[in-house]
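Asker: Residue numbers (this note's numbering): 1259 to 1471.
#1: Can you check DSSP and say which residues form a bridge with residue 1333?
#2: So who's on the other strand from residue 1399, going by DSSP bridges?
#3: Determine contact between the segment 1348-1356 and the segment 1423-1434, defined as no fewer than three beta-carbon pairs at a distance below 8 Å.
#4: Determine, using beta-carbon pairs with one atom in the segment 1363-1374 and one in the segment 1420-1432, whether at least three such pairs fall under 8 Å.
#5: Residue 1361: which of 1396, 1376, 1404 sits nearest, CA to CA?
#6: Hey, residue 1399 and residue 1446: beta-carbon distance below 8 Å or not?
#7: Can you give the beta carbon distance from residue 1364 to residue 1449, rounded, assuming they're within the 8 Å contact cut?
#8: How would you label residue 1230, buried or exposed, when you count the other beta carbons within 10 angstroms and need 16 or more for buried?
#9: Could you check the C-alpha separation between residue 1425 and residue 1438 for me, to the nearest Å?
#10: State the start and end residues of the unbroken alpha helix (DSSP H) segment that holds residue 1254.
#11: Nearest by alpha-carbon distance to residue 1304: which of 1356, 1285, 1313 is it?
#12: Less than 8 Å between the beta carbons of residue 1283 and residue 1299, yes or no?
#13: Between residue 1322 and residue 1268, how many whole angstroms is the CB-CB distance? I'm expecting something under 8 Å.
#14: Quick check on the DSSP output: the alpha helix (DSSP H) that includes residue 1373 runs from which residue to which?
#15: Going by C-alpha distance, which of 1457, 1308, 1266, 1273 is nearest residue 1325?
#16: In chain order, what residues of the same chain have a beta carbon less than 8 Å from the beta carbon of residue 1208, not counting five sequence neighbours either side?
Pasting the structure below:
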């Protein structure tokens, strides 16, 4: 059972990518939250998934995914597997997903959940998201679901020319900005766009100095 009403609510809030809305409509968010939260899984709000982490508000999931403008067959690096809901959205769009989670307590169940639901071909790793996945770079897109205090240089460097990165950046306590960063094709400065004020759980490691927003 999918989330038809949730998808319609997101459309009314301005999500216009019909592919993203169709994926939201088909996925059952209740399958990605603790049993005690399933009655409210259809609400447009973040929910706790244990270990101090949350599953993002559906509007934010849809907004960030829409901002990536993923095409089928593109390779995307996701930082923060969580319960696997955003991972499933990316995979349903036809992307080849590489997903990283710093907490083994979340990574293991997320992998089991996604494989049980029939998602094949997703690459999983437990590790420091700010370091990215260098041996399989470059990626067409990078999406982060936890907020570093500044943009990790490794994630930008692992984008292909023309690649897109969507990531919340800001302090652990206080306002954060959802950024879209595009790596130009010819060595120019990165294109940085502020999309939305947000609040995400912090990325568990601190990126080294480098590309600082």
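We put the beta carbon where it would ideally sit given N, CA and C, even for glycine.
Note that the structure is a prediction, hence the values are computed from the model and not measured.
Answerer: Reading from the atomic positions:
#1: In the chain shown, residue 1333 corresponds to position 75, counting from 1. For residue 1333, which the question treats as bridged, DSSP gives the partners 1354.
#2: Along the chain shown, one-based indexing puts residue 1399 at 141. Answer is 1334, 1422.
#3: no
#4: no
#5: By one-based count along the chain shown, residue 1361 stands at place 103. Per the Cα distances, 1404.
#6: For the purposes of this step, residue 1399 is taken as the residue at position 141 of the chain shown. For the purposes of this step, residue 1446 is taken as the residue at position 188 of the chain shown. No, Cβ-Cβ distance for residue 1399 and residue 1446 is not below 8 Å.
#7: If you number the chain shown from 1, residue 1364 lands on position 106. If you number the chain shown from 1, residue 1449 lands on position 191. Not confirmed; about 32 Å, so no contact.
#8: Residue coverage of the chain in this structure runs from 1259 to 1471, which leaves residue 1230 outside it and unanswerable.
#9: In the chain shown, the residue the question calls residue 1425 occupies position 167. In the chain shown, the residue the question calls residue 1438 occupies position 180. About 7 Å.
#10: Past the edges of the chain, shown from 1259 to 1471, lies residue 1254, and the structure says nothing about it.
#11: Residue numbering aside, residue 1304 sits at position 46 when the chain shown is read from its first letter. Minimum Cα distance to residue 1304 is reached at 1313.
#12: Here residue 1283 is taken as the residue at index 25 of the chain shown, counted from 1. Here residue 1299 is taken as the residue at index 41 of the chain shown, counted from 1. Against a cut-off of 8 Å, the Cβ pair of residue 1299 and residue 1283 comes out as no contact.
#13: In the chain shown, the residue the question calls residue 1322 occupies position 64. In the chain shown, the residue the question calls residue 1268 occupies position 10. The pair is not a contact, with the Cβ atoms about 12 Å apart (cut-off 8 Å).
#14: As a first step, residue 1373 is located in the chain shown; it is residue number 115 there, counting from the start. Looking at the DSSP string, the run of the alpha helix (DSSP H) that includes residue 1373 is 1362-1374.
#15: One-based indexing of the chain shown puts residue 1325 at position 67. The option with the nearest alpha carbon to residue 1325 is 1273.
#16: Nothing in the structure corresponds to residue 1208, since the chain is present only between 1259 and 1471.
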